[in-house]
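Okay, structure first, notes after.
Number of protein chains: 2
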Amino acid sequence: MINFQTSPEHYKHWKLSIDGIVATLSMDVQEDQTLAQGYKLKLNSYDLGVDIELADAIQRLRFEHPEVRAVVVTSLKPRIFCAGANIYMLGTSSHAFKVNFCKFTNETRCAIEDDSRHSGRRYIAALNGTASGGGYELAIACDEIYLVDDGNSAVSLPEVPLLGVLPGTGGLTRLVDKRKVRRDRADVFSTLAEGLKGKRAKDWGLIDDSFPTSKFQEAIDARVAQAVNLRPDENTQIGIRLNSLKFESTDDSRDYKYVSVKLNRDKRFADLTVRGPESDLPATLDKIHELGDGYWPLRAFRELDDVLLHLRVNEPEIGLVCLRTEGDLNRVLAVDQTLAANREHWLVRETLLNMARVLRRLDLTAKSFFAIIEPGSCFAGSLLELALSSDRIYMLNDPDQKIGIATSELNAGALPMSNGLTRLQSRFLAEPEKVVEVLAHKESFDTEAAEAAGLLTFAPDDLDWEDEIRLAIEERTSLSPDALTGMEASLRFAGPETMDTKIYGRLTAWQNWIFQRPNAVGPQGALTNYGKPTQAQFDYKRT
Amino acid sequence: MINFQTSPEHYKHWKLSIDGIVATLSMDVQEDQTLAQGYKLKLNSYDLGVDIELADAIQRLRFEHPEVRAVVVTSLKPRIFCAGANIYMLGTSSHAFKVNFCKFTNETRCAIEDDSRHSGRRYIAALNGTASGGGYELAIACDEIYLVDDGNSAVSLPEVPLLGVLPGTGGLTRLVDKRKVRRDRADVFSTLAEGLKGKRAKDWGLIDDSFPTSKFQEAIDARVAQAVNLRPDENTQIGIRLNSLKFESTDDSRDYKYVSVKLNRDKRFADLTVRGPESDLPATLDKIHELGDGYWPLRAFRELDDVLLHLRVNEPEIGLVCLRTEGDLNRVLAVDQTLAANREHWLVRETLLNMARVLRRLDLTAKSFFAIIEPGSCFAGSLLELALSSDRIYMLNDPDQKIGIATSELNAGALPMSNGLTRLQSRFLAEPEKVVEVLAHKESFDTEAAEAAGLLTFAPDDLDWEDEIRLAIEERTSLSPDALTGMEASLRFAGPETMDTKIYGRLTAWQNWIFQRPNAVGPQGALTNYGKPTQAQFDYKRT
């Protein structure tokens, strides 16, 4: 069972140090502290365990150290920044694990860019040694890249020439779309195992600058001094502590404070319930700060995040998640109102940005989601996004019972999808005026009003309800899980594309394809034979 | 050896009839006339042979029947429009063939949309019976879809529920991006084997209308009468004949009039040479019309198209194509000038649109391309696009020899990539001002000027030239062909995305992945077991 929770006291591979408004995140991978058996994490190469720590560190910077304005990402090992994902780990992992590993590392890289874009923290990759493969992909997720000029250190993407796979953690996309490296140069760089150094790396746009060893630290310090001035002053910021999330579990359930999941393993689906606030919550910033990580929108969505990761990695046979909510619609709306009114405050902003990231994690989860709306539920505002993220929305139509859903200001832009649209905009691509209508509807929608507004997929009446849900679940879980993954990846992201959707949609799909091909993973494939005395033997048919 | 050339006299599966300004393209697949052994094309299902005829018919409409303003796409079989790609053909084809087959059918669907968008011909799918899978995907490539309401006929995408693969010929993308069907409805539709009929199909946006059998023809006629008025009047248009392309071939070469390819099979690369006009060409429309399909830009690019398809399907082990040109730079520029000056005339417009489609076919070909620029070459304007389409551009730097490349007005927008940008814009995403500079440069660029302008990848001098080209070829063809395909699909299309790039980049990559998965093509996979007494057995792990 892989656990996604950690904290700096428990880090094995990273050191997070804070010096006033500058943080340093130093990689120092312990080669024997692996998540699985059979490989050693040499040369600051990483496995999922290393990346779980990195993701945690970025999350903690945002909540625990809001005063930090620049983050230096570097290595404590001499002459090597990071050698990327460990090849032997990849070579011995199942296809499903490789795919989930890459998805999580992609989300971590995107979280760095999210922090930079929305919270103004500047990430500076101080490459005191070679950054190859995923190591360079980590650097390219930062805002600035500086490489030591020691005659040896290079940046490289050796996946294609050495391993027969792609630099699949955003590398190819960020080369041409973020750094806008000319395509022919990107082609040369991506096929050159040894990579590029110094002047040519800078001329081609792969790094921002390089400095001799003796002047490296000084140059980084100078860049940091500039970077910290890029963000406007905010009020004195005192962070809040992110405590570990407690849950009780049995073999087929997990119960956090606001989130529960029940696994119906034999039927391959899970019921996932998010509970709304249990009482009226404070509306002032002081009180919210006092609540810290106990504040409902922060805690509930952190729990949701943890359970989504758990389901992805530890419960691969669960193909469908039925999303339910429990609680008081109006209490959720009141929280949304507070968040919307205070969104300029750093803690509220971070809380909203975290909610947005968790919802994007849901969009990107390779499981089907059905929202199930019954009496006692509270699909309002931020929780309505759970329904809007779902592949289908079922709402009971029973005039004898009170059931409602509602929008809030948060549905209007605070929680964007990876494609940059709101979920309402994605839903109503054909009828953009419906977005306006639905947002302007100030009361809750009963089932008929919700259906008329286009918010539901199906609204069975109480006689049909149980049968219809049961049949929908049975039918969904009987289908090919691979076809569903490809179908959902296509249908969930209509409309515009962004660098993120390119990474998750296009680059990932090609990498997943290559991860299935005999030329990579067959007995004679490049990934299988890396580091062995045997050599890869390719089937050279071009496909 | 698969031959991509055909003509209406040789069609087995389609009838193209012209009645004034309306064409009817009727599908009547002959079930025994298959391209390969082992399957029968029942129920208007298709294989590559059927689609080669469709592609030819669309091409001929554009050049031979410019007066046509509306195209009715229908079936001559009772109760069935088209059952899509033949499942047994897919089940027995190699992975590489499936991928190439889908790519070609995708290009044909995109060619329909290109004709509609740029030449104003309106495509009307008159579904006189059920359209399932690829049959509905053909319909959705048309501008309007009408379905007979006979109590039985439906539209459907049964790939996910029945076959464990995707409707991968653009279907999923066009559902949500072109017809903007709501994502949850698209989800239901794409998992419902029997599809939808009549009112619900219309309400959900899957069709534009349905009519009872007795009124179907009348309703289609009425729609056609409206559709022909959508295009502004043009001068009386008299088409030109597209004659079949003659070539001489040996085991390792093909020579057309303006295009030659030489296969270096043992080294897995080809030399492809495009020759410029052999004399000064006329600049008046009358004379151009008189030349017909002999006019250099039409003939040379049709030949290039044919050879690209040949290389894709018949020469899978050729991984790299070295693109060369031969001829007089100024003659190519003169042709470009004529084309640019007359682009409003239908024949010139169609000639340019064809060139653009051929160049997009090149962009989408899963082989590496290196442009090799030597003395005697004529990479100017439209032929410069060959270099700009290439993964790398090598130009000899020898001050003793005259070598030049040049831009023309055609590099400024007439030949867009699938992403909507020109190849110069894609190249200079980081420095858009360079596009302007390069286009403003009225003389030809010698090697040093071309390099300074950012147009070259490498410019070896005459001492290094041969070795450097040889080493580059050897290195490229030694790499994993699958990794190269994924890398090139990522690096070639930076910048914005369109429906076309989504189809070729995202949807295709997911489909290719699924086409590799045991759940589809393994001994217990859904595609393998379709129509057999055995049932598919899935590994339900979600990936």
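Protein chains in written order, with numbering that gives the first Met the number 0: chain C, 0 to 542; chain L, 0 to 542.
Each residue gets a CB set at the ideal place from its N, CA and C atoms; glycine is no exception.
For C:Leu284, the closest alpha carbon among the candidates C:Tyr257, C:Gly318, C:Gly238 and C:Phe246 is that of C:Gly238. Not flagged as an interface residue toward chain C: L:Tyr529, since no C-beta distance is shorter than 8 Å. Annotation: L:Ser417 to L:Arg505 spans about 13 Å, alpha carbon to alpha carbon.
In terms of Cα proximity to L:Pro296, the closest of L:His309, L:Leu346 and L:Pro315 is L:Leu346.
If you look at L:Trp13, you'll find it in the beta strand (DSSP E) that goes Trp13 to Asp18. Rounded to whole angstroms, the separation of the alpha carbons of C:Gly375 and C:Asp481 is 34 Å. Contact between the segment 527-542 of chain C and the segment 212-219 of chain L is absent, with fewer than three C-beta pairs closer than 8 Å.
Exclusion of the five residues before and after L:Arg422 leaves Glu384, Leu387, Ser388 and Met416 as the residues of its chain whose Cβ lies within less than 7 Å of its Cβ.
Counting C-beta atoms within 10 angstroms of its own C-beta, C:Ala439 has fewer than 16 neighbours from the protein chains shown and is therefore classed as exposed. Around the C-beta of L:His64, 16 or more other C-beta atoms lie within 10 Å, and the residue is accordingly described as buried.
Residue burial annotation: L:Lys286 is exposed, with fewer than 16 other C-beta atoms found within 10 angstroms of its C-beta. Taking a beta-carbon distance threshold of 8 Å, C:Tyr539 counts as an interface residue toward chain L. A Cβ-Cβ separation of about 30 Å leaves C:Ile502 out of contact with C:Leu454 under the 8 Å criterion.
Under the three-state reduction of DSSP, L:Thr212 is assigned to helix.
Listed in chain order, the non-local C-beta contacts of L:Lys14 below 6 Å within the same chain comprise Ser25, local neighbours out to five positions each way being set aside. C:Glu143 and C:Pro166 do not touch by the CB rule: their CB atoms are close to 20 Å apart, not below 8 Å.
Within its own chain, the residues whose Cβ lies closer than 7 Å to the Cβ of L:Leu358, once the five positions on either side in sequence are excluded, are Glu384, Ser388 and Leu414, listed in chain order.
Against chain C, the CB of L:Ala519 has a partner CB under 8 Å away; the residue lies at that interface. Listed along chain L are Leu478, each with a C-beta nearer than 7 Å to that of C:Pro160. Within a 10 Å sphere around the beta-carbon of L:Gln424 sit 16 or more other beta-carbons, which makes this residue buried. Collapsing the DSSP output to three states places C:Asn410 in a helix. Interface flag for C:Val164 against chain L is set, since a Cβ pair is found closer than 8 Å. L:Ala269 has its alpha-carbon roughly 36 Å from the corresponding atom of C:Lys97.
With fewer than 16 other Cβ atoms from the protein chains shown falling within 10 Å of its own Cβ, L:Ala224 counts as exposed. By the Cβ neighbour-count rule, L:Thr542 is buried, with 16 or more other Cβ atoms within 10 Å of its own.
At a Cβ-Cβ threshold of 8 Å, C:Asn2 and C:Leu40 do not count as neighbours. In this structure L:Ser189 is in contact with L:Val159, their Cβ atoms being roughly 6 Å apart against a cut-off of 8 Å. Residue environment: L:Asp250 is assigned as exposed (fewer than 16 neighbouring CB atoms within 10 Å of its CB, all protein chains considered). Any Cβ of chain C closer than 8 Å to the Cβ of L:Glu316 would place that residue at the interface, and such an atom is present.
Taking the C-beta atoms as reference points, C:Gly293 is found no nearer than 8 Å to C:Cys377. Close CB contacts of L:Lys177 within its chain, under the 8 Å cut and outside five residues either way in sequence, are with Ile139 and Met498 (chain order). Scanning C:Leu483, C:Leu428, C:Ser479 and C:Leu363 for the CA closest to the CA of C:Glu106 turns up C:Leu363. At a cut-off of 8 Å between beta-carbon atoms, L:Asp362 makes no contact with chain C. DSSP places L:Lys201 in no beta strand (DSSP E) but in the uninterrupted alpha helix (DSSP H) bounded by Gly197 to Asp202. Neighbours of C:Asp186 in chain L, taken as residues whose beta carbon is under 7 Å from its own, are Asp390, Arg391 and Leu490 in chain order. In the DSSP assignment, C:Ser189 falls within the alpha helix (DSSP H) that extends over Arg182 to Ser189.
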